[in-house]
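To keep things clear, I will list the structure first and then write my remarks on it.
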Ligand SMILES: [Zn+2]
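Residue numbers (my numbering): 35 to 265.
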């Protein structure tokens, strides 16, 4: 799938793709701009694309062929749907290392596209995706114990959260900027454990804030698409 498209000169483009066999990579698409555009399929947003690539110079691949193998047309029909799908792609683009194969994360993105395409709520779907993607990528927020001292978190009580320290932080360790209710912590933990949970408004808003904070701390920069979750 397409993560980013950059124009290159008058005639060409470079596509950043997330592929099943070679992970995240950049591919040069000669003739993708201009009047007789080639490789149109490779620049289809929110679609599964089949691409044929050859090794180019250095890290750059070269596109030989591209066809759309599956489109998720309903994603494009609504701004919130598009925002959620864009945020998922931004998470992949910024947190999957170049060249790292990550079929589980790819399958999570496909599952998110499918869910949004069939009309499931975009924010709820993205919160579940973001938590599972963090888990697959090895930086799930720590929720069961203090991220600093490791003391187990008391059950059924609110807790402080600090994205910069990677999870909940107990009071002796100074707490954190966000307070999470027990219902939110419980839903986030169950999601990380692989359960599909419902997200009423309040836990959803709290989890959204935490995830924006956590993901931005993980990648060390602002994530404008992910930030949509809290707007
Ligand atoms: Zn602590």
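All C-beta atoms, glycine included, are put in the ideal place defined by N, C-alpha and C.
These numbers were taken from a predicted model, which means no experiment stands behind them.
Go ahead and pull the three-state DSSP assignment for residue 93.
Start at 1 with the first residue of the chain shown, and residue 93 comes out as number 59. Note: residue 93 maps to coil in three-state DSSP.
Inside the stretch 174-251 only - alpha helix (DSSP H) runs reaching at least 4 residues
216-226
In whole angstroms, give me the CA-to-CA distance for residue 102 and residue 242.
To locate residue 102, count along the chain shown from 1; it is residue 68. To locate residue 242, count along the chain shown from 1; it is residue 208. Rounded to whole angstroms, residue 102 to residue 242 spans 32 angstroms at the Cα level.
Contact defined as beta carbons within less than 8 angstroms: I believe residue 214 pairs with residue 193. What is the distance between those atoms, to the nearest angstrom?
Walking along the chain shown from the start, residue 214 turns up at place 180. Walking along the chain shown from the start, residue 193 turns up at place 159. Between residue 193 and residue 214 the Cβ distance is about 6 angstroms, and since that is below 8 angstroms, they are a contact.
Roughly how many whole angstroms lie between the Cα atoms of residue 223 and residue 177?
What you label residue 223 is simply residue 189 of the chain shown in a count that begins at 1. What you label residue 177 is simply residue 143 of the chain shown in a count that begins at 1. Going from the Cα of residue 223 to the Cα of residue 177 covers about 7 angstroms.
Could you tell me whether any non-hydrogen atom of ligand 1 is closer than 6 angstroms to the CB of residue 159?
Sequence index remark: in the chain shown, residue 159 carries index 125 (1-based). No, ligand 1 has no heavy atom inside 6 angstroms of this Cβ.
Between the Cα of residue 149 and those of 228, 138 and 162, spot the shortest distance and give me the residue it belongs to.
Stepping through the chain shown from its first residue, residue 149 is reached at position 115. The shortest C-alpha separation from residue 149 is found at 162.
Below 7 angstroms between beta carbons: does that hold for residue 108 and residue 85?
On the chain shown, position 74 is the one that residue 108 refers to. On the chain shown, position 51 is the one that residue 85 refers to. Their beta carbons are not under 7 angstroms apart, which means residue 108 does not touch residue 85 by this criterion.
Option in 139, 41 and 57 with minimal Cα separation from residue 64
The sequence position of residue 64 within the chain shown is 30, counting from 1. Out of 139, 41 and 57, 41 has the C-alpha closest to the C-alpha of residue 64.
Is there contact here, the stretch 112-120 with the stretch 88-99, by at least three beta-carbon pairs under 8 angstroms?
Fewer than three Cβ pairs drawn from the stretch 112-120 and the stretch 88-99 lie within less than 8 angstroms of each other, which leaves the two stretches out of contact.
If I measure Cβ to Cβ from residue 190 and keep anything under 7 angstroms in the same chain, skipping five residues before and after, which residues do I get?
Counting from 1 along the chain shown, the entry for residue 190 is found at position 156. Answer for residue 190: 216, listed in chain order.
Residue 83 bridges to which residues according to DSSP?
The count along the chain shown starts at 1 and reaches residue 83 at position 49. DSSP output for residue 83 lists 102 as bridge partner(s).
Entirely within the stretch 101-152 and at least 4 residues each: give me those alpha helix (DSSP H) ranges in chain order.
113-129 and 137-151
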